[in-house]
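Quick note: the sequence shown, position 84, residue 84 per this note's numbering, numbers continuous. Ideal Cβ placement from N, Cα and C applies to all residues, glycine included.
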Amino acid sequence: MVKPISRPYSQYSLSALELLGQLVREARLNKALTTTDLAARAGISRALLQRIERGDPGCSIGAVFEVATICGVSLFDQEQRQLTTHLALHREKMALLPKAVRVRMKGVKDDF
């Protein structure tokens with residue numbers, strides 16, 4: 001499937017990505033890791049790591065989260081145990097919700 005040439009992103013999303021990239025870069029430098037070392041540890045290319053640090057919205061979310069986790073950047077302001085508990089509660093809640101939403105059909109007016 002061909003990717004679209006450009007996709008519109010909200011300013012909020014772009015700012016959040018830029019901030020996350022800066023936090024990753026700061027944490028990497030504080031841990032004295034080179035881009036090559038961190039990329040190898042995360043199993044990604046050095047170019048992808050550089051795009052993550054720039055806040056490129058086209059990066060895989062899994063790669064971004066993995067790099068952030070390796071660097072110690074907190075993603076949800078919760079400890080691992082709290083995050084696991086919160087995720088389990090959310091899974092239970094989602095199990096109770098319907099899998100899909102049905103669109104109500106308009107009634108047919110056949111009273112001529």
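Residue environment, residue i, which counts as buried when at least 16 other CB atoms sit within 10 Å
| i | result |
| --- | --- |
| LEU49 | buried |
| ARG7 | exposed |
| GLY62 | exposed |
| ARG25 | buried |
| GLY21 | buried |
| LEU17 | buried |
| VAL103 | exposed |
Whole-number beta carbon distance between residue j and residue i, since they are thought to touch under 8 angstroms
| i | j | result |
| --- | --- | --- |
| VAL67 | LEU38 | 7 angstroms |
Could you tell me whether the segment 76–83 touches the segment 54–65, where touching means 3 or more Cβ pairs closer than 8 angstroms?
no
Okay, do the segment 27–45 and the segment 81–95 touch, 3+ Cβ pairs below 8 angstroms being the bar?
no
Please go through the segment 71–106 and give each complete alpha helix (DSSP H) segment of 4 or more residues, from N-terminal end onward.
80–96
Any chance the segment 27–38 sits against the segment 67–74, with 3 or more Cβ pairs inside 8 angstroms?
yes
Going along the chain, which unbroken runs of the beta strand (DSSP E) with 3 or more residues stay wholly within the segment 19–54?
none
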